[in-house]
Amino acid sequence: MQATLMIYDGTAAPDSEIPRTGGVPLAPEGFIWPLCGDCCGGPMQFFAHLPVEYGVLSVFLCQNNPGSCESWDATAGANRVFLFPPAGLVAVAVPESGVTLLPAVSAIKTQVVTLEPETGDDDELPPDAYDLARSGWEREPGEWFGKQREVLGSLGGSPSYLEDDRLPGCPSCSGTTEFAAHLEEGIDRQTAMNLGGQLGYVFVCRPCSEGAFLTD
Ligand SMILES: [Zn+2]
Ligand SMILES: [Zn+2]
């Protein structure tokens, strides 16, 4: 089984074009910073800049009222995913109020990991490519745990242990979305994205240049 892991790779400039969490969003000229449609209408927090082969995914979640705002829900209006064209993006002006930026920029390197489930595993869950790759990351022989906090998620593949009835539709055309990425909270609890301790799932509708986000 194979997964393209996203691995923490130090820090980066806040307006860097490389894959990263934190920093400022890069977007087409005239882009308007998304506001929460669930709680206060305040500006969302910018989470991640993820270049993919068909453009750049840009992920925002509301953090103005952590816990009360349903930022884990794909349809509550408390998160947004945009698909931008790969070129012509500029740094977006940051709103003056609200919880808008993460405390740190984390650069991401990608690493294709191929692992087969251990035979004789009597786990009741079927093997999952992402779960397998993440739990095996930098794990030495005989160790139970590797350096899982270095894993910031993965690109492509299929959503890890997500029930079919949670797959989100496109917010624009109501069509189906395709799975794009997993997001993990990050290496340092002080500066990490707040996903409520859950795994984040990024979906995209390429024709609409928009996506959906949820945690599970
Ligand atoms: Zn909100
Ligand atoms: Zn659509």
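Under the numbering used here, the first residue of the sequence shown carries the number 57, and numbering increases by one thereafter.
The beta-carbon is built from N, C-alpha and C at its ideal position, and this holds for glycine as well.
Legend entry - Buried or exposed (CB count within 10 angstroms, at least 16 for buried), M92: Rather than Met, the amino acid found at residue 92 in this sequence is Cys. The residue is buried, with at least 16 neighbouring Cβ atoms inside 10 Å.
Legend entry - heavy atom of ligand 2 below 8 Å from T131 C-beta: no
Inset, instruction - Spell out a yes or no on whether the stretch 82-96 and the stretch 124-131 are touching, meaning 3 or more CB-CB pairs, one atom from each, closer than 8 Å. - result: yes
Inset, instruction - Pull every residue with its beta-carbon under 7 Å away from any heavy atom of ligand 1, and keep them in chain order. - result: C92, D94, C95, C96, G98, C118, N120, N121, C125, S127, A134
Inset, instruction - Evaluate the contact criterion for the stretch 257-266 versus the stretch 161-174: three or more CB pairs, one atom per stretch, below 8 Å. - result: no
Legend entry - Coarse secondary structure for A189, derived from DSSP in three states: helix
Legend entry - Q246 (DSSP reduced to helix, strand or coil): coil
Inset, instruction - Per DSSP, which residues does F102 bridge with? Please list them. - result: F116
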